[in-house]
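I have placed the structure first, in the form of structure tokens, so that the comments after it can refer back to it.
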Amino acid sequence: MAHTSDHYYVPHGSHWPIVASVGLTTGVVGAALAFNGANLMVLMVGLAIIAFMMFGWFSTVIKESLGGMYNEQVDRSFRQGMMWFIFSEVMFFAAFFGALFYARVLSVPWLLGVDTGAATHQLLWSGYNEAWPTNGPGDVGGQFETMGAWGIPALNTVLLLTSGVTVTLAHWALKARDQAKTVLWLAATVLLGATFLGFQAYEYIHAYSELNLTLGSGIYGSTFFMLTGFHGFHVTIGTVMLLVITLRAAKGHFTPDRHFAFEGVAWYWHFVDVVWLGLFIFVYVL
Amino acid sequence: MSTAAATHDEHHDHGPAKGLMRWITTTNHKDIGSLYLLFALLMFFIGGAMAMVIRAELFQPGMQLVQPEFFNSMTTVHALVMIFGAVMPAFTGLANWLIPMMIGAPDMALPRLNNFSFWILPFAFTMLLLTFFMDGGAPAGGWTLYPPLVLQLGEAFPFMIFAIHLMGISSIMGSINVIVTILNMRAPGMTLMKMPLFVWTWLITAYLLIATMPVLAGAVTMLLTDKFAGTSFFSAAGGGDPVMFQHIFWFFGHPEVYILILPAFGVVSAIVPTFARKPLFGYSSMVYATASIAFLSFIVWAHHMFTVGMPVVGELFFMYATMMIAVPTGVKVFNWVSTMWKGSMTFETPMLFAIGFIFMFTIGGFSGLMLAIAPADFQYHDTYFVVAHFHYVLVTGAIYSIMAATYYWLPKWTGNMYNETLGKWHFWISTISVNVLFFPQHFLGLAGMPRRIPDYSVQFADWNMVSSIGGFVFGASQLLFAFIVFKTIRGGEKASSQVWEGAKGLEWTLSSPPPYHSFTQAPEVK
Chain A
1 MAHTSDHYYV PHGSHWPIVA SVGLTTGVVG AALAFNGANL MVLMVGLAII AFMMFGWFST
61 VIKESLGGMY NEQVDRSFRQ GMMWFIFSEV MFFAAFFGAL FYARVLSVPW LLGVDTGAAT
121 HQLLWSGYNE AWPTNGPGDV GGQFETMGAW GIPALNTVLL LTSGVTVTLA HWALKARDQA
181 KTVLWLAATV LLGATFLGFQ AYEYIHAYSE LNLTLGSGIY GSTFFMLTGF HGFHVTIGTV
241 MLLVITLRAA KGHFTPDRHF AFEGVAWYWH FVDVVWLGLF IFVYVL
Chain B
1001 MSTAAATHDE HHDHGPAKGL MRWITTTNHK DIGSLYLLFA LLMFFIGGAM AMVIRAELFQ
1061 PGMQLVQPEF FNSMTTVHAL VMIFGAVMPA FTGLANWLIP MMIGAPDMAL PRLNNFSFWI
1121 LPFAFTMLLL TFFMDGGAPA GGWTLYPPLV LQLGEAFPFM IFAIHLMGIS SIMGSINVIV
1181 TILNMRAPGM TLMKMPLFVW TWLITAYLLI ATMPVLAGAV TMLLTDKFAG TSFFSAAGGG
1241 DPVMFQHIFW FFGHPEVYIL ILPAFGVVSA IVPTFARKPL FGYSSMVYAT ASIAFLSFIV
1301 WAHHMFTVGM PVVGELFFMY ATMMIAVPTG VKVFNWVSTM WKGSMTFETP MLFAIGFIFM
1361 FTIGGFSGLM LAIAPADFQY HDTYFVVAHF HYVLVTGAIY SIMAATYYWL PKWTGNMYNE
1421 TLGKWHFWIS TISVNVLFFP QHFLGLAGMP RRIPDYSVQF ADWNMVSSIG GFVFGASQLL
1481 FAFIVFKTIR GGEKASSQVW EGAKGLEWTL SSPPPYHSFT QAPEVK
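As given, the protein sequences belong to chains A and B, one line each in that order. Counted from 1, the first sequence has number 224 at position 224 by this note's numbering; the numbering is strictly sequential. When you read off a place in the second sequence, starting at 1, and then add 1000, the result is the number in this note's numbering.
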């Protein structure tokens, strides 16, 4: 690596942010049009621009990093930025966990006539008497079975926890300058992530085709699929990021004391891991 | 501005690019700050035009000018534009311009992300405003987006949801940048407890934004899936609850209220000591008060929903928690007054706006205390009393602080003094008219006039007419503000580096206008 600059690196004007804005806007306009009944063309164009942008923007940053333009202070900015980004993600999931707790602890009991719900219960849905899991007094989506915790979900828990170990082993190998082991453990982590996703896809198919458990299965289906779905989406992103890091590790981009990209992805992966533990306990087991 | 910046730039490796691309590709905190501020000014006039339509319709009882549906769109989009398009970007613009200069940094910590945060906004608001031309019209269910009403919106629905997502992404990224800049870019010796209060208030504001904007994103995502994907989050038939939306929304919404006012506290805490020529009274108590307000903002949200049908325990908890906010807020007001006590005061335009802020924000604070009393709120809820309350804290609070900040730092930014006589005219016309506009709305609300209604009973006619006249004058007087700002950008009496005799802080050690990169060598802070 070239020598590290003393000055805080302030990049020249960059065209990537405006490409990002255009891509993002095209994407959401496309999604909105699709919700209103149009086809997916605009959405796809938007996603393509975003993919192109990410490739370009990250390439620029990697080049600058390898060129020794980032001093320790810049590195710290990236680290802190990533931590706060993960915190924002935590709060995003908090909204959905909040919805789950609110429904289970407050609003479903109220529909059953507890406390302030007595009048509602008597006047509107006096026959309603099923506690959690429920699809509501309207039996929205029809009868369904819930997903058991101790089959695939338990297996997925083991997979993700193991992947947390493998990514740490990769980190140790990286610090010990053992490139072959770093790549090996990273590849193992990617594989575990991909297997998790495969199992979850299987679980969704099982839910839709055999349990009649769908996104439309009342509040149970809503919270189940939105929580596990957003989690699965984050695992997908995490797996792609891990894949990129694996390739970069194979190219020898990281040194024992300078590998923010690796650590950022590892933090993200642990975050996804912790969210899953919350899901496993509150969505599947309890 | 550009020529001045360029001439100050010779000892740096690169100056601003030329032409339009400078503004599109810029990574410079001052350029981006200017973009935010000009965007906010534009949105202020667009949102203001909607307010004029509202006041024109309410000038007399009966349906006069617009369709009721359009009137509802006016109140809804006025709020969204003013909150997310005017006040928040204006504060972010101030943060961009000032924080690096105040803490002795060369720029913001993540300059490209900074550009991205800004350039999302014009797209988001174009999308939001284009909903006026869609089948079913623009959002009309109120800015709080309560289901099931909001789900009746037509083609505009997904566009509105995604516009909010974009604004959220912009705010989160902007806030990450602010926090990282403050925590990582301070000059040696600039310890946390030496930071100017504007920096402190923004640090805490940014934390609130990162904690709550994702929650709003979650809430509107649930609305989206309830409408299009068959989920039942807010439908009781499916076991969900429309009230749940209100809880999630206000978990975001109440911290959001402080997001709109904490940077204002920072601005006033900078201006009052300058023109009283005394250091700020109780600096550390100001920091702790700000942090306390931020903490309390997370546990008071349901005071927006006292009439929705909560258990009595909930009503009591949220009532008392809300009243506690008066304590740290009171600390702040007392500290500002104590700063002025026995000071050698002068009353230039920024000081006038700051004092106007202290008076009128306090009026808004007191009506807030009245609203905090749950049993009394059953009477006030959804009346014009609420409208009067939040316009006192937002217009004569947040907006007044932004204007104070503009007059205070504009000579630093442009190198030119604004016209003091015109500034004073702007202050006095605005202050008289804004009270004519909003004070009678307290009476209307206590008498029972509901908010978000295009027509009203004749007993409310007199005060509505008074309020509308105040509104038209206030609206027109803001044209004077825009005129003063653009005139100052174009030229005027040259400002010194110090600008104000009593001003303290690193930004005043830089030339006016400051060099393109603020501090290439970190200054020594004693």
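Quick reminder that beta carbons are idealized off the backbone N, C-alpha and C, glycines included.
Listed along the chain, the chain A residues whose CB falls inside 7 angstroms of the CB of L1110 of chain B are S77 and G81. The beta carbon of I1204 of chain B is closer than 7 angstroms to those of L1262, T1290, A1291 and A1294 in its chain, skipping five residues each way along the sequence.
In chain order, R1112 make up the part of chain B whose C-beta sits under 7 angstroms from the C-beta of W16 of chain A. Closer than 9 angstroms at the C-beta level to chain B, one finds these residues of the segment 213-234 of chain A: T214, L215, G216, S217, G218, I219, Y220, G221, S222, T223, F225, M226 and F230. Where P1188 of chain B is concerned, there is no enclosing alpha helix (DSSP H), because DSSP gives it neither an H nor an E. Residue pairing of T1383 of chain B in beta bridges, as defined by DSSP: B:P1450.
Rounded to the nearest whole angstrom, the CA to CA distance from F1249 of chain B to I1259 of chain B is 15 angstroms. Distance check between A1219 of chain B and each of A:L243, A:M241, A:L100 and A:I86 places A:L100 closest, using alpha-carbon atoms only. Counting only residues of its own chain and dropping the five nearest sequence neighbours on each side, V22 of chain A has a CB closer than 7 angstroms to the CB of I49.
Under the 7 angstroms criterion on CB atoms, N1115 of chain B is classed as interfacial with respect to chain A. Taking 7 angstroms as the cut-off, the Cβ atoms of G218 of chain A and V140 of chain A count as close. With a cut-off of 8 angstroms on Cβ pairs, the segment 1378-1394 of chain B is not in contact with the segment 1314-1324 of chain B, counting fewer than three such pairs. For Q80 of chain A, the closest of A:V274, A:F96 and A:G264 by C-alpha to C-alpha distance is A:G264. Annotation: the continuous alpha helix (DSSP H) that includes F1359 of chain B extends over T1349 to A1372. For H1442 of chain B, the closest C-alpha among the options B:H1426, B:M1286, B:Y1380 and B:W1409 is that of B:Y1380. Judged by DSSP secondary structure, E1069 of chain B falls within the alpha helix (DSSP H) whose first and last residues are P1068 to L1080. A straight line joining the alpha-carbon of V1337 of chain B with that of I1083 of chain B spans about 28 angstroms. Between F1317 of chain B and D1377 of chain B, the CB-CB gap reaches or exceeds 7 angstroms. Per the coordinates, the alpha-carbon of P1440 of chain B lies some 8 angstroms from the alpha-carbon of N1464 of chain B. Between W84 of chain A and chain B, the shortest Cβ-Cβ separation is below 7 angstroms.
Setting aside the 5 residues that flank it on each side, F52 of chain A is surrounded in the same chain by V19 and G23, each with a C-beta closer than 8 angstroms to its C-beta; the list follows chain order.
Within its own chain, the residues whose Cβ lies closer than 7 angstroms to the Cβ of I1120 of chain B, once the five positions on either side in sequence are excluded, are L1166, I1169 and S1170, listed in chain order. In the DSSP assignment, K1494 of chain B forms a beta bridge with B:N1416. Taking a cut-off of 8 angstroms on C-beta distances, the segment 1223-1233 of chain B touches the segment 220-230 of chain A, as three or more cross pairs fall below it. Chain B has no Cβ within less than 7 angstroms of the Cβ of Y208 of chain A.
Burial is judged here by how many other beta carbons sit within 10 angstroms of a residue's own beta carbon; V283 of chain A has at least 16 and is buried. A straight-line Cα-Cα distance of about 21 angstroms links S1497 of chain B and K1194 of chain B. The Cβ atoms of V29 of chain A and V42 of chain A lie closer than 7 angstroms to each other. By the criterion of a C-beta distance shorter than 6 angstroms, A1051 of chain B is surrounded in its chain by H1078, once the five residues flanking it on both sides are discounted. Counting only Cβ-Cβ distances below 8 angstroms, E1256 of chain B has no contacts in chain A at all, with the closest Cβ about 13 angstroms away. Between A170 of chain A and T182 of chain A, the gap from beta carbon to beta carbon is short of 7 angstroms. Judged by their CB atoms, F1357 of chain B and V1485 of chain B are not nearer to each other than the 7 angstroms cut-off.
Apart from the 5 residues on each side of it in sequence, L1128 of chain B sits with its Cβ closer than 6 angstroms to the Cβ of A1163 in its chain, given in chain order.
Membership of I49 of chain A in the alpha helix (DSSP H) is indicated by the continuous run M41 to L66. Annotated three-state conformation of R1022 of chain B is helix, per DSSP.
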